[in-house]
Each structure stands twice: as C-alpha cells, then as structure tokens.
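Asks: Residue numbers (the working numbering): 798 to 1143. The C-beta atom is built at its ideal place from N, Cα and C for all residues, glycine as well. Keep in mind that this is a model prediction, so the values were computed, not measured.
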Amino acid sequence: MTDLFAPYELKALTLKNRVVMPPMCQYAVEKQDGIPTDWHFVHYVSRAVGGTGFIIVEMSGVHPDGRITNQDTGIWDDAQIPAYKQLTSAVHAHGAKIAIQLGHAGRKAVDASPPVAPSAIPFGAGYAMPKALSREEIAELITAYREAARRAVEAGFDTVELHGAHGYLIHQFHSPLSNVRSDEYGQDPILFGEQVVEAVREVLPAEMPLIMRVSAKEYVEGGYDEGYALEFCRRYKEAGVDMFHVSSGGEGPIGSNGGPGAGPAYQVKLAEYIRSGLQVPVIAVGRLESYEEAQAVISEAKAELVAVGRGMLSDPYWVLHAAEALGGVDSAAVPKPYERGIWKLK
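(1) Which stretch, first to last residue, makes up the alpha helix (DSSP H) that contains E933?
(2) Given this structure, state the Cα-to-Cα distance separating L812 from G850, to the nearest angstrom.
(3) In chain order, which continuous runs of the beta strand (DSSP E) of length 3 or greater are located wholly inside the segment 816 to 849?
(4) Mapping DSSP to helix, strand and coil, what is E855?
(5) Would you give the residue range spanned by the alpha helix (DSSP H) that G1074 belongs to?
(6) So I878 packs on R948, CB below 8 angstroms; how close in whole Å?
(7) Per DSSP, what are the beta-bridge partners of E805 in this structure?
(8) Q898 lies in the beta strand (DSSP E); which residues open and close that run?
(9) Please work out which residues of its chain come closer than 7 angstroms, Cβ to Cβ, to S916, disregarding the five sequence neighbours upstream and downstream, and give them in chain order.
(10) Can you tell which of F838, T870, R932 and A906 has the C-alpha that lies nearest to the C-alpha of H889?
(11) Give me the Cα-Cα distance between A1062 and S1045, rounded to the nearest whole angstrom.
(12) Compare the Cα-Cα distances from V860 to each of A1026, E933, E1090 and D830 and report the closest residue.
(13) Taking 8 angstroms as the cut-off, does the segment 838 to 848 touch the segment 1113 to 1121 (at least 3 CB pairs, one atom from each stretch)?
(14) Is the beta carbon of V842 sitting closer than 7 angstroms to the one on A880?
(15) Express the C-alpha separation of Q1092 and S1128 in angstroms, rounding to a whole number.
(16) Please classify A1003: is it buried, with 16 or more other beta-carbons within 10 angstroms of its beta-carbon, or exposed?
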C-alpha cells in the first residue's frame, strides 16, 4: 500500500515523500521590490528541515502590478534571481524539492493603479475598477509568464506551478463571472490560459513537469461547476500541463476558506474527478492537516500528492510528526540533531 512516505516521480521530478507545502502568501517583502527576505528563507527552509518532500513558493508576480500587494514576492526581473538561488540551494541541501508559483492577481491586485483584468468588472465592493486588457497587453503578459519561468529555471527551481485558481488572472479569463469580452479571448475564454501554458512550456526543460493550480468549482451564482473545470483542464493538459493542483472557489466571496460546509478533505472529490476524467496526476488540498486524513488520500489512491497548508503554518515539522504518529518514521529523513526529539528513535 502506498503511503505518505513513499517516493514519487513525475518526469525528472523525484520526491522523497508525498507531502507538499502549498503556496501561501506571506506578505513579508520589505522593500516592495519582490525579492524574498530572511523571513522567506527561514519559512521555506525550515519546512525542508521538517521533512517536507515538495515545497511550492507562494504566488510570485510575473509583473510588479501582478502582485496581490506590494509586500508579495515577484519574479519579473533578473535582479531577483540571486535571492531565489540562495533559497533553492538551501532547500535542496535538506533533501526537499522546490517549485515557485507564477501568477498575476489581475483585478484582485489591491496596490495596482489601476489593476487589469479581462473585462472592466471589479471584484467586489472596496476593489478598484480594473482596466480591460488590450490584445497587445495580453501578449505582453504571456511573455511575462514565459520570462518568469525562464528565471525560475535559472534560479534552480525544480519546476513551476501556474496559478489558475482563486480568482486570479488566468481564472478571471476562464470564468464567466469576469470575462465578457467580445474578441477571441471572450469567444474562447480558455485561450489565454492555454497560451500561457504553451509559452511557459517553451522555456522549461522537456523533462521538467509543469503544474497548474485550478479552482474546480465556483461557489457563487452564475459560476462554473466541475464539468467546465474538466473541459479547461483538458485544454491545459493538451497544451503542456503535467499535473493539476485542485482547489476551488475564488470568484465571489468564498476563497481559500472553502465552500459551504467545508470540512476535512472537502476538496478531495474534486481532485479525484479531475484525476479520473483526464487520467492525470493531481495534488489534493484543503483541510488535510490531520495525519490520518492525509494518509487516507494517498493510501486510497485518491491523489498522487497531498498539500498541507494550515497544518504546516502551525507546525514546520508536520511531516516528521506525521511519520512519528503513523509509524513511518524510518522513511522520514530525520535530521540528526533532532533524533532525540522523535520518540520512536529514542
């Protein structure tokens, strides 16, 4: 039986276990330059020390105005590469693999003046009216995604994840709630995301897998359901996505806190639906901080990988503690200085 501590391979990406630290914004950039700081270094490297197999750095803007706030990380300039190199090297030294999530907040960029979007529709009360992107500006943003992916490879990341979920720019294009364009990007709302995938794929090594985070369902009137999500995921897979990180929500008031009645493992069925519908590997995410819940997702073959967000914010050593609790401690890379703290090694 496959468990949380079994290795996993996807193309050239080889992971020592099935546990993922998902991207979670830290809002900790100090000089508004997008460059990760000591906070980010400690934050991510401590999770590598704690046994995490795969770490995904928070959504990092492909454009300065693509960040949610000016305190977010970015990867729009070559001057940002050295700090990321330092981070990836340290994470690798502790046996983990690391990716970076590339994104653009679109109409949810609160510090952009003005924000941009597929159509001039604000996200909600308190958000600025966005500027509808021209075709030329869309082409420039597609190039920005490609260049950000190039920088990620140069910085030593093992792969990249495109953020196509939670109401950010790619999601805004394929959602009927935020895209009412009359041109080709409105007639084919999946086209923008598809072109981003193709552009990023151009600069990634052939054996480097491309991951995409998607919202498989919108919890608001007029939003799409998992059937439509399967359609756009099929297009993205054909364009070059190798694995989907399946979340939900984001357009409308419900975001990362989940939909009505959200509880432990509430999004796993959505991950299973995409996995079985496309025969594609998936990362399951959503209230999986329970060791037993996370283990069940893997042992019952519902997903290839499990992302633990809030659990890792609470406990940088979540994986070591899960191994201790579930009896997989021999499979976890316990740092020698910490062996005395793992009771099954005493």
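Replies: With the given structure in hand:
(1) Here residue 933 refers to the residue found at position 136 when the sequence shown is read from its first residue. First-last of the alpha helix (DSSP H) with E933: R932 to E951.
(2) Counting from one through the sequence shown, the residue named residue 812 turns up at place 15. Counting from one through the sequence shown, the residue named residue 850 turns up at place 53. Cα to Cα, L812 sits roughly 6 angstroms from G850.
(3) 816 to 818
(4) Residue numbering aside, residue 855 sits at position 58 when the sequence shown is read from its first letter. Reduced to three states, the DSSP call for E855 is strand.
(5) The residue labelled residue 1074 in the question sits at position 277 within the sequence shown. Here the alpha helix (DSSP H) through G1074 covers V1065 to L1075.
(6) Position 81 of the sequence shown, counting from 1, holds the residue named residue 878. Position 151 of the sequence shown, counting from 1, holds the residue named residue 948. Confirmed, Cβ separation roughly 5 angstroms.
(7) Here the question's residue 805 lines up with position 8 in the sequence shown. A quick correction: the sequence has Tyr, not Glu, at residue 805. Beta-bridge pairing links Y805 to L812.
(8) Within the sequence shown, the letter at position 101 stands for residue 898. Where Q898 is concerned, the enclosing beta strand (DSSP E) stretches over K894 to G900.
(9) Position 119 of the sequence shown, counting from 1, holds the residue named residue 916. Within the same chain, S916 has close Cβ partners A929, S975, N976, V977 and R978.
(10) As a first step, residue 889 is located in the sequence shown; it is residue number 92 there, counting from the start. Residue F838 is the option with its Cα nearest to H889.
(11) Sequence index remark: in the sequence shown, residue 1062 carries index 265 (1-based). Sequence index remark: in the sequence shown, residue 1045 carries index 248 (1-based). Roughly 12 angstroms between the two C-alpha positions.
(12) What you label residue 860 is simply residue 63 of the sequence shown in a count that begins at 1. For clarity, residue 860 is His in the given sequence; the question names Val instead. For the residues A1026, E933, E1090 and D830, the minimum Cα distance to H860 belongs to D830.
(13) yes
(14) By 1-based counting over the sequence shown, the position of residue 842 is 45. By 1-based counting over the sequence shown, the position of residue 880 is 83. No, Cβ-Cβ distance for V842 and A880 is not below 7 angstroms.
(15) In the sequence shown, the residue the question calls residue 1128 occupies position 331. In the sequence shown, the residue the question calls residue 1092 occupies position 295. Bear in mind that a pLDDT of 49 at S1128, under 50, signals an unreliable position, so the model cannot answer this.
(16) In the sequence shown, residue 1003 corresponds to position 206, counting from 1. Its Cβ having fewer than 16 others within 10 Å, A1003 is exposed.
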